[in-house]
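> Counting from 8, one number per residue, gives the positions in the sequence shown under my numbering. Input: one structure, supplied below.
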Amino acid sequence: MSSASSRGSDDRGAFAALGLNTRDGPIMIVAAPDSVLAEAGAMKPRPSFASTLLTAEPTARLVWWPERLHLDSQTLARLHWLIGAGGGQAWLVLDEAEEESPSEAEFLGALRGAGLASGPPRDVGGGERAFPVAVVG
């Protein structure tokens, strides 16, 4: 089991902190920790889930908890495609206290090489920071 299952956010929840809910349209959740799955399970209608970015589907809003090993060119090319095909927004959530989570520097460097860019991060609780990600150009 990935240590992502042990990561969590504060009582408010990551989606609430990002202002995301399924009443505004579909959400694809990728590699989320257990605490986020509980929050998502309470949404009506429920969001879609994928264990990895490679099995995710294009959706207007995507939230991914990447691990360092997934910042490879193939996975980031898939993210680039998902954002473009979904025509929406993506949030990547990092937790520098988590061993497998990339550092902000690793994350931003990987995005530059994949034709992606990030806006200012938002704290979502529990030491996690969410970065809005968009396709460049």
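For each residue, glycine too, the CB sits at the ideal point set by N, CA and C.
Pick helix, strand or coil for Gly132, following the three-state DSSP scheme.
strand
> Could you spell out where the alpha helix (DSSP H) holding Leu44 opens and where it closes?
Asp41 to Gly48
> Under the rule that 16 or more other beta-carbon atoms within 10 Å means buried, what is Ser58, buried or exposed?
exposed
> Please state whether the Cβ-Cβ distance between Arg129 and Leu25 is less than 9 angstroms.
yes
> Could you give the residue range of the alpha helix (DSSP H) that holds Arg85?
Ser80 to Gly93
> Quickly, what does DSSP pair Phe56 with across the bridge? List them, please.
Ile36
> Going by C-alpha to C-alpha distance, which of Gly132, Leu61, Pro139 and Gly144 sits closest to Ala21?
Looking at the Cα atoms, Gly132 is the closest of the given residues.
> Hey, would you say Arg68 sits closer than 9 angstroms to Gly95, going by beta carbons?
yes
> How would you label Pro146, buried or exposed, when you count the other beta carbons within 10 angstroms and need 16 or more for buried?
Examination of residue 146 is not possible in this model, given that the chain is present from 8 through 144 alone.
> Where does Thr62 land, buried or exposed, given buried means 16+ other C-beta within 10 angstroms?
exposed
> Whose C-beta lies closer than 6 angstroms to the C-beta of Val70 among residues of the same chain, with five residues either side of it excluded?
Counting only Cβ-Cβ distances below 6 angstroms, and skipping sequence neighbours, we find Ile36 and Trp98.
> How many whole angstroms separate the CB atoms of Leu60 and His77, which I take to be in contact at a CB cut-off of 8 angstroms?
Indeed, because the Cβ distance is near 7 angstroms, the residues count as touching under 8 angstroms.
> Pull up the distance between the alpha-carbon of Glu111 and that of Ser80, whole angstroms please.
C-alpha separation (whole angstroms): 17 angstroms.
> Distance check for Pro65 and Pro33, CA to CA, integer angstroms please.
10 angstroms
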